[in-house]
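Quick note, the sequences are listed as chains A and B, same order.
Here UniProt numbering is used: the first residue of the first sequence is 1, the next is one more, and so on.
Here UniProt numbering is used: the first residue of the second sequence is 1, the next is one more, and so on.
Just below is one structure, and these are the notes that go with it.
Protein chains: 2
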Amino acid sequence: MVSKSQSKLIRSLNQKKFRLKHGLFVVEGVKSINEFLNSSLELYSLLSTENVFLSHSKETQLISLKELQAISHLSTAQVALAVFKIPVPKTDFKQNRLLALDGVRDPGNLGTIIRLCDWFNIQSLICSKDTVDCYNPKVVQATMGSLTRVEVIYTDLHKHLNTLDLPIFGTFMNGESVYSKPLPEDFVIVMGNEANGVTKEIEELCNHRIAIPQFGSGAPTESLNVATATAITLSEFSRRLIER
Amino acid sequence: MVSKSQSKLIRSLNQKKFRLKHGLFVVEGVKSINEFLNSSLELYSLLSTENVFLSHSKETQLISLKELQAISHLSTAQVALAVFKIPVPKTDFKQNRLLALDGVRDPGNLGTIIRLCDWFNIQSLICSKDTVDCYNPKVVQATMGSLTRVEVIYTDLHKHLNTLDLPIFGTFMNGESVYSKPLPEDFVIVMGNEANGVTKEIEELCNHRIAIPQFGSGAPTESLNVATATAITLSEFSRRLIER
Chain A
1 MVSKSQSKLI RSLNQKKFRL KHGLFVVEGV KSINEFLNSS LELYSLLSTE
51 NVFLSHSKET QLISLKELQA ISHLSTAQVA LAVFKIPVPK TDFKQNRLLA
101 LDGVRDPGNL GTIIRLCDWF NIQSLICSKD TVDCYNPKVV QATMGSLTRV
151 EVIYTDLHKH LNTLDLPIFG TFMNGESVYS KPLPEDFVIV MGNEANGVTK
201 EIEELCNHRI AIPQFGSGAP TESLNVATAT AITLSEFSRR LIER
Chain B
1 MVSKSQSKLI RSLNQKKFRL KHGLFVVEGV KSINEFLNSS LELYSLLSTE
51 NVFLSHSKET QLISLKELQA ISHLSTAQVA LAVFKIPVPK TDFKQNRLLA
101 LDGVRDPGNL GTIIRLCDWF NIQSLICSKD TVDCYNPKVV QATMGSLTRV
151 EVIYTDLHKH LNTLDLPIFG TFMNGESVYS KPLPEDFVIV MGNEANGVTK
201 EIEELCNHRI AIPQFGSGAP TESLNVATAT AITLSEFSRR LIER
């Protein structure tokens with residue numbers, strides 16, 4: 001059974017203001033929930049239509065599929081839904097391979113980018129305050145558990161980049177080819193907003209302007225999707241590390 | 001004004017069987033429609049809330065936003081909606097840089113992959129018959145006009161690959177690193193289904209097994225999304241072309 005107040009709380013977590021107010025976020029699907037259960041994150045509640053979380057049988061609250069559908073934030077409800085506490089972000093971190101997002105708005109893109117950070121061992125993702133919230137249910141869903149391994153920090157991006165003693169690589173349509181440009185071991189890569197790219201303010205901080213060369217005959221104004229551009233850029237920086 | 005029969009026809013084009021029956025598909029949004037208007041595709045009807053297609057003013061049927069919303073296939077209706085005729089696929093084509101999809105099901109993934117083909121000058125995309133239809137409204141939307149420049153062919157993939165005189169590179173979790181493997185100028189790259197990868201039947205035809213090395217500490221079973229894996233693989237093949 002899901003109580004009225006519990007149902008109201010969980011449904012409210014679709015909105016950022018309520019996630020911030022309660023310090024909670026939702027994870028759906030058995031596979032994703034298992035990744036979060038195996039992380040250092042603190043479980044708040046665990047609801048499932050089946051007793052599938054053997055290490056957490058006691059905490060599992062069995063509910064009907066109908067009840068699950070009523071509280072799910074996804075268009076297709078999964079077998080289970082869990083609520084976790086939002087961890088307190090570290091303020092002091094010493095990473096030397098960073099990715100920064102300047103206003104990425106699409107939840108699917110952010111989720112894919114978090115998954116890419118996990119794959120390419122970028123442990124911290126620095127986001128401008130207008131970047132979509134990483135605890136948005138669609139983002140959590142798209143990260144496939146990678147959110148448990150990548151630290152996402154929301155901050156004043158301009159101020160934050162200014163404090164770092166790392167070369168800053170901005171991605172622009174008219175930058176130098178990422179394939180031929182010398183790339184260092186330590187770096188910050190900045191990816192911009194889906195429609196407008198990197199803001200002027202952040203552009204001024206970039207020490208290097210890079211681009212992914214276009215091979216096709218496509219319309220010249222057309223750019224790659226920010227998630228695929230991030231994939232190619234991180235792949236290229238990582239390849240150089242091996243060849244060093 | 002949208003007539004009842006017109007509205008019924010357009011709404012039916014959300015389903016593959018009706019697209020095939022009528023030989024028609026829908027494009028939404030001014031930018032995308034302009035790309036299709038400038039291509040060799042044949043326009044069937046053009047509906048818009050504003051007179052924005054100056055070269056096609058005569059063909060433009062002005063409708064209200066309410067009417068547009070009623071026939072739109074997208075969650076957020078755009079300013080305009082056009083219906084084009086599905087072109088007859090070429091059966092005889094001589095391309096020597098091909099991408100093949102073995103059961104890609106997600107419309108967003110296929111759309112992103114078509115956009116990547118356009119960027120990396122892969123002019124033909126060979127799809128197994130169980131790959132999502134490229135005239136699905138969500139695919140058309142995600143291609144951002146690239147569908148006008150990339151030829152998508154649905155075929156018996158096994159038979160088709162057998163007729164090609166090109167080295168076949170399959171992408172697998174346990175393949176050789178794409179970064180260090182020698183890559184030829186002419187090729188077919190095969191990408192598999194989101195959940196199950198390349199089928200056994202197609203795997204047997206692959207002359208080379210490639211993989212994108214994982215740099216992070218992620219769960220070993222976790223793979224990259226098929227669209228981002230395609231981005232990285234096409235980027236790597238294209239980079240080698242420059243360096244040749």
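Glycine residues also receive a C-beta, built at the ideal position from the N, C-alpha and C atoms.
query = Does any residue of chain A bring its CB to less than 8 Å from the CB of residue 179/B?
reply = By one-based count along the second sequence, residue 179/B stands at place 179. By this cut-off, residue 179/B is an interface position.
query = How about residue 216/B: is its C-beta nearer than 8 Å to some C-beta of chain A?
reply = On the second sequence, residue 216/B is found 216 positions in, with the first residue counted as 1. For residue 216/B, the nearest beta carbon of chain A is closer than 8 Å to its own beta carbon.
task = Anything in chain B within Cβ reach of residue 317/A, meaning under 8 Å, just list it in chain order.
result = Outside the shown range of chain A, which is 1 to 244, sits residue 317/A, and nothing can be said about it.
inquiry  = Contact criterion: CB-CB distance below 8 Å. Does residue 82/B meet it with respect to chain A?
reply    = Numbered from its first residue, the second sequence carries residue 82/B at position 82. Any Cβ of chain A closer than 8 Å to the Cβ of residue 82/B would place that residue at the interface, and such an atom is absent.
query = For residue 78/B, which residues from the same chain have a beta carbon less than 6 Å from its beta carbon, with the 5 sequence-adjacent residues on both sides left out?
reply = Here residue 78/B refers to the residue found at position 78 of the second sequence. Excluding sequence neighbours, residue 78/B sits near 28 and 29.
ask   = Are at least three pairs of beta-carbons, each pair with one atom in the stretch 182 to 192 of chain A and one in the stretch 146 to 153 of chain A, less than 8 Å apart?
value = With a cut-off of 8 Å, the stretch 146 to 153 of chain A and the stretch 182 to 192 of chain A do not count as touching, because too few Cβ pairs lie within range.
query = What are the boundary residues of the beta strand (DSSP E) that residue 170/A is part of?
reply = Taking the first sequence and counting its residues from 1, one reaches residue 170/A at position 170. 168 to 177 is the extent of the beta strand (DSSP E) around residue 170/A.
request  = Would you verify that the beta carbon of residue 112/B is, or is not, closer than 8 Å to some beta carbon of chain A?
outcome  = Taking the first residue of the second sequence as 1, we reach residue 112/B at position 112. Against chain A, the CB of residue 112/B has a partner CB under 8 Å away; the residue lies at that interface.
request  = Going by CA-CA distance only, name the one from 4/A, 54/A, 24/A and 18/A that's closest to residue 34/A.
outcome  = Locating residue 34/A in the first sequence gives position 34, where the first residue counts as 1. Ranking 4/A, 54/A, 24/A and 18/A by Cα distance to residue 34/A puts 54/A first.
query = Rounded to a whole number of angstroms, what is the C-alpha to C-alpha distance between residue 210/B and residue 174/B?
reply = Counting from 1 along the second sequence, the entry for residue 210/B is found at position 210. Counting from 1 along the second sequence, the entry for residue 174/B is found at position 174. Roughly 8 Å between the two C-alpha positions.
request  = Rank 205/B, 131/B, 171/B and 136/B by C-alpha distance to the C-alpha of residue 164/B and give the top, closest one.
outcome  = As a first step, residue 164/B must be located in the second sequence, where it is residue number 164. Per the Cα distances, 205/B.
query = Exposed or buried, residue 162/B, counting other C-beta atoms within 10 Å across all chains shown (16 or more means buried)?
reply = On the second sequence, residue 162/B is found 162 positions in, with the first residue counted as 1. With fewer than 16 other CB atoms across the displayed protein chains lying within 10 angstroms of its CB, residue 162/B is exposed.
key: Short Cβ contact (8 Å threshold) for residue 26/A with residue 83/A   = Residue numbering aside, residue 26/A sits at position 26 when the first sequence is read from its first letter. Residue numbering aside, residue 83/A sits at position 83 when the first sequence is read from its first letter. A distance below 8 Å separates the beta carbons of residue 26/A and residue 83/A.
ask   = Are residue 172/A and residue 197/A closer than 8 Å when you measure CB to CB?
value = Taking the first residue of the first sequence as position 1, residue 172/A is located at position 172. Taking the first residue of the first sequence as position 1, residue 197/A is located at position 197. Yes; because the gap between Cβ atoms is below 8 Å, this pair is in contact.
ask   = Can you give the beta carbon distance from residue 37/A to residue 56/A, rounded, assuming they're within the 8 Å contact cut?
value = Position 37 of the first sequence, counted from the first residue, corresponds to residue 37/A. Position 56 of the first sequence, counted from the first residue, corresponds to residue 56/A. Here residue 37/A really is in contact with residue 56/A; their C-beta atoms are around 6 Å apart, less than 8 Å.
Beta carbon proximity, residue 211/A to chain B, threshold 8 Å = Taking the first sequence and counting its residues from 1, the one referred to as residue 211/A is at position 211. False, the Cβ-Cβ gap to chain B never drops below 8 Å.
ask   = Excluding the five sequence neighbours on either side, which residues of its own chain have a C-beta within less than 8 Å of the C-beta of residue 167/A, listed in chain order?
value = The residue you call residue 167/A lines up with position 167 of the first sequence. So the list reads 184, 186, 187, 188, 207 and 208, once near-sequence residues are dropped.
request  = Can you say whether residue 62/B is buried or exposed, counting buried as having 16 or more other CB atoms within 10 angstroms of its CB?
outcome  = As a first step, residue 62/B is located in the second sequence; it is residue number 62 there, counting from the start. By the 10 Å Cβ count, residue 62/B comes out exposed.
Under 8 Å between C-beta atoms of residue 111/B and residue 88/B = Translated into positions along the second sequence, residue 111/B becomes position 111. Translated into positions along the second sequence, residue 88/B becomes position 88. No.
query = Does any residue of chain A bring its CB to less than 8 Å from the CB of residue 70/B?
reply = Locating residue 70/B in the second sequence gives position 70, counting from the first residue. For residue 70/B, no Cβ of chain A is located within less than 8 Å of the residue's own Cβ.
Amino acids of chain B, ordered along the chain, whose beta-carbon sits closer than 7 Å to that of residue 238/A = As a first step, residue 238/A is located in the first sequence; it is residue number 238 there, counting from the start. Within chain B, the residues near residue 238/A are 215.
task = Can you have a look at residue 1/A and say buried or exposed, based on whether 16 or more other CB atoms are within 10 angstroms of its CB?
result = In the first sequence, residue 1/A corresponds to position 1, counting from 1. Residue 1/A should be labelled exposed.
query = Near residue 124/B, what residues of its chain come up, given a Cβ to Cβ distance below 7 Å and the 5 sequence neighbours on each side ignored?
reply = Against the second sequence, residue 124/B aligns to sequence position 124. Excluding positions up to five away in sequence, the list reads 93, 95, 98, 151 and 153.
query = Contact check, residue 160/B vs residue 202/B under 8 Å by CB: the rounded distance?
reply = For the purposes of this step, residue 160/B is taken as residue 160 along the second sequence, with counting starting at 1. For the purposes of this step, residue 202/B is taken as residue 202 along the second sequence, with counting starting at 1. 10 Å between Cβ atoms; not a contact.
inquiry  = Using beta carbons (cut-off 8 Å, strictly below), is residue 242/A in contact with chain B?
reply    = By one-based count along the first sequence, residue 242/A stands at place 242. With 8 Å as the cut-off, residue 242/A counts as an interface residue toward chain B.
request  = Please list the residues of the UniProt domain "MRM3-like substrate binding" (8 to 81) of chain B that have a C-beta atom closer than 8 Å to any C-beta atom in chain A, keeping them in chain order.
outcome  = Listed in sequence order: 35.
request  = Return the Cβ separation of residue 213/A and residue 235/A in integer angstroms, given the expectation that the two are a contact with Cβ distance under 8 Å.
outcome  = As a first step, residue 213/A is located in the first sequence; it is residue number 213 there, counting from the start. As a first step, residue 235/A is located in the first sequence; it is residue number 235 there, counting from the start. About 14 Å separates the Cβ atoms of residue 213/A and residue 235/A, ruling out a contact at the 8 Å cut-off.
Given residue 24/A as reference, the closest of 199/A, 44/A and 5/A once Cα atoms are compared = For the purposes of this step, residue 24/A is identified with residue 24 of the first sequence, where counting begins at 1. When only C-alpha atoms are compared, the closest one is 44/A.
ask   = Alpha carbon to alpha carbon, how far is residue 180/B from residue 243/A?
value = Within the second sequence, numbered from 1, the residue matching residue 180/B stands at position 180. Within the first sequence, numbered from 1, the residue matching residue 243/A stands at position 243. Distance between the alpha carbons of residue 180/B and residue 243/A is about 9 Å.
ask   = Can you list, in chain order, the residues of its chain whose CB lies under 6 Å from that of residue 59/A, leaving out five sequence neighbours each side?
value = In the first sequence, counting from the first residue as 1, residue 59/A sits at position 59. So the qualifying residues of the chain are 46.
query = Are the beta-carbon atoms of residue 106/B and residue 199/B separated by less than 8 Å?
reply = Counting from 1 along the second sequence, the entry for residue 106/B is found at position 106. Counting from 1 along the second sequence, the entry for residue 199/B is found at position 199. Residue 106/B is not a Cβ neighbour of residue 199/B, given a cutoff of 8 Å.
ask   = Is the Cβ of residue 228/B closer than 8 Å to any Cβ of chain E?
value = This model lacks chain E altogether; the protein chains it does include are A and B.
message = Between residue 124/B and chain A, is any beta-carbon pair separated by less than 8 Å?
response = As a working note, residue 124/B is residue 124 in the second sequence. No, its Cβ sits nowhere closer than 8 Å to a Cβ of chain A.
ask   = Any idea if residue 67/A is buried or exposed, counting beta-carbon neighbours within 10 angstroms, 16 or more meaning buried?
value = The residue labelled residue 67/A in the question sits at position 67 within the first sequence. With 16 or more Cβ atoms within 10 Å of its Cβ, residue 67/A is classed as buried.
request  = Please check the pair residue 192/A and residue 120/B, which I expect to be a contact at CB under 8 Å, by giving their CB distance rounded to whole angstroms.
outcome  = Here residue 192/A is taken as the residue at index 192 of the first sequence, counted from 1. Here residue 120/B is taken as the residue at index 120 of the second sequence, counted from 1. Between residue 192/A and residue 120/B a beta carbon distance of about 21 Å is seen, past the 8 Å cut, so the two are scored as non-contacting.
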